[in-house]
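Just so you know, my numbering puts 130 at position 130 of the sequence shown, and the rest follows in order with no gaps.
Here the structure is laid out as structure tokens; the discussion comes afterwards.
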Amino acid sequence: MRNFNIRLLMIFILFFSLKISAQNSYISQYKAFATELSQEFGIPTVVILSIAYMETGGGTSSACKVLNNHFGMTGKNDINSSRFKSFADSKASYRAFCEWVSKRKFYEKLKGSQDHNNWFMAIASSGYSTKPAEWKQKLNVVMKKIGL
């Protein structure tokens, strides 16, 4: 019984460490580009990465893998019959999201601000989410979980 408990604990630790590794991998893969877009658009890197991470499940969603869609953006695609838009690559998805944000009414007021809560609420309330307060709360949990 003792050996079983030790094996079970080892499996749990391995699973947990793989999950953390996957989280870190997604963030490290896109952080530099998100920072570049942050400087260009005035949207905090933490906002861009937190939303992308949450919308893709850390890069594991089929929309991310098949359509290069990191933000759950809807639109046409020639790949499958889903409602999600396809992008040529991940960078195009990140850029499209920032361009979408830059066209919203709240953008000029928040541009350059580092207050992620104001950004989350403004984005959610502009039609990005059907439940803005809940979405903002989830993003704050994700942001802390992934260490941003």
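All residues carry an ideal CB built from backbone N, CA and C; glycine is no exception.
Note that the coordinates shown come from a computational prediction; the quantities given were computed from them, not determined experimentally.
Alpha-carbon to alpha-carbon, residue j and residue i
| i | j | result |
| --- | --- | --- |
| E55 | Y26 | 12 Å |
| K103 | F71 | 16 Å |
| K111 | G42 | 5 Å |
| L139 | N80 | 28 Å |
| F87 | V101 | 17 Å |
| M73 | D115 | 23 Å |
| A96 | D89 | 11 Å |
| K62 | F106 | Note on residue identity: the sequence assigns Ser, not Lys, to residue 62. The straight-line gap from Cα to Cα measures roughly 31 Å. |
Short Cβ contact (8 Å threshold) for residue i with residue j
| i | j | result |
| --- | --- | --- |
| F33 | K91 | yes |
| A124 | W135 | yes |
| L148 | S50 | yes |
| S178 | N68 | No statement about residue 178 is possible, as the shown extent of the chain runs from 1 to 148 and does not include it. |
As assigned by DSSP and simplified to three states, the class of residue i
| i | result |
| --- | --- |
| T74 | strand |
| F106 | coil |
| F120 | helix |
| F84 | strand |
| I146 | coil |
| I27 | helix |
| K111 | coil |
Residue interval of the alpha helix (DSSP H) (run including residue i)
| i | result |
| --- | --- |
| Y94 | S90 to S102 |
| T45 | T45 to T56 |
| S129 | That residue, S129, is in no alpha helix (DSSP H); it is neither H nor E in DSSP. |
| S62 | S62 to L67 |
Would you call the stretch 128-146 and the stretch 45-52 touching, i.e. three or more CB-CB distances under 8 Å? yes
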